[in-house]
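See structure below.
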Amino acid sequence: FIGSYEELIEFASKVGLRLNGYSEKFPLKLDDSERYLVHSVRRALTFEECEVFTPENGDISWTIVVSKDKPVLDKVIEFFPEYQLHVRKRFIEIVSVDTVDQAIKLIEKIPHRETFKEVDGVQTVGYALPEKDAEAFISNLCKLRVYRIVPLRDMYMRSAIEPFDGMYLARELTYSIYLRRREVGVI
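According to my numbering, the stretch in the sequence shown is residues 389 to 575, in order.
What follows is the structure in structure tokens.
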């Protein structure tokens with residue numbers, strides 16, 4: 389998130405309000421040990437320099453963690469090593485930074501973070517930047533081999549040619565980059 393921490397808090401609150409409606413329609417089915425793990429990680433995160441957003445009804449359907457300048461989940465993973473990527477469901481970590489360059493550096497480090505050790509790269513980045521900043525941002529994302537770059541407002545939409553996150557791509561001969569500048573649909 390490129391902007392102030394206060395703007396990020398406001399953004400995360402809005403996202404949380406939207407997710408509240410979905411958590412009742414699409415409940416997350418976890419066994420008791422998985423529920424305990426989610427609650428434990430949330431509790432541990434409250435001791436870090438961050439804000440933790442959860443459903444109003446206290447459910448475990450989603451979690452949003454926001455921090456300034458640096459991710460905080462890596463610290464908590466030390467105490468909960470079983471909370472790796474394949475276990476995390478509906479978990480969003482957002483970090484506020486001041487510049488496009490700082491955002492690029494954070495994205496570049498993702499595959500090297502403990503919390504993403506099974507990931508070889510970033511597939512999708514949503515952006516909401518003025519056109520003058522978007523060009524440099526997109527160019528840098530291409531250099532990092534991000535292959536799906538879409539407007540934030542509708543990054544949930546996928547056209548028929550957009551790959552799904554986690555989908556295997558034939559990397560032997562080519563490397564695809566998908567860029568969509570226009571919004572396909574907005575809620």
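Here a beta-carbon is modelled for each residue, glycine too, at the ideal position from N, C-alpha and C.
Only a predicted model underlies this, so the values are computations on that prediction, with no experimental measurement involved.
- In this structure Pro459 is buried. Its beta-carbon is surrounded by 16 or more other beta-carbon atoms within 10 angstroms.
- Within the same chain, Cβ atoms closer than 7 Å to the Cβ of Arg430 are found at Val440, Thr442 and Thr451, the five residues on either side in sequence being excluded.
- In this structure, Asn408 keeps its C-beta atom at 9 Å or more from the C-beta atom of Glu436.
- Taking one beta carbon from each stretch, the region 411–424 and the region 461–468 have fewer than 3 pairs nearer than 8 Å; the two do not touch.
- With fewer than three CB-CB distances shorter than 8 Å, the region 513–527 does not count as touching the region 465–480.
- Runs of the alpha helix (DSSP H) lying entirely within the region 410–438 and spanning at least 4 residues, in chain order: 420–433.
- For Val513, the uninterrupted beta strand (DSSP E) segment begins and ends at Thr512 to Tyr515.
- Residue environment: Phe414 is assigned as exposed (fewer than 16 neighbouring CB atoms within 10 Å of its CB, all protein chains considered).
- CA-CA distance, Lys402 to Tyr515, rounds to 17 Å.
- Looking from the CA of Glu394, the closest CA among Gly404, Ser411, Val454 and Asp419 belongs to Val454.
- Going by DSSP, Val453 is part of the beta strand (DSSP E) stretching over Thr451 to Lys456.
- Counting along the chain, Ile465 sits inside the alpha helix (DSSP H) bounded by residues Leu461 to Ile465.
- Assignment of Ser527 by DSSP, reduced to helix, strand and coil, places it in the helix class.
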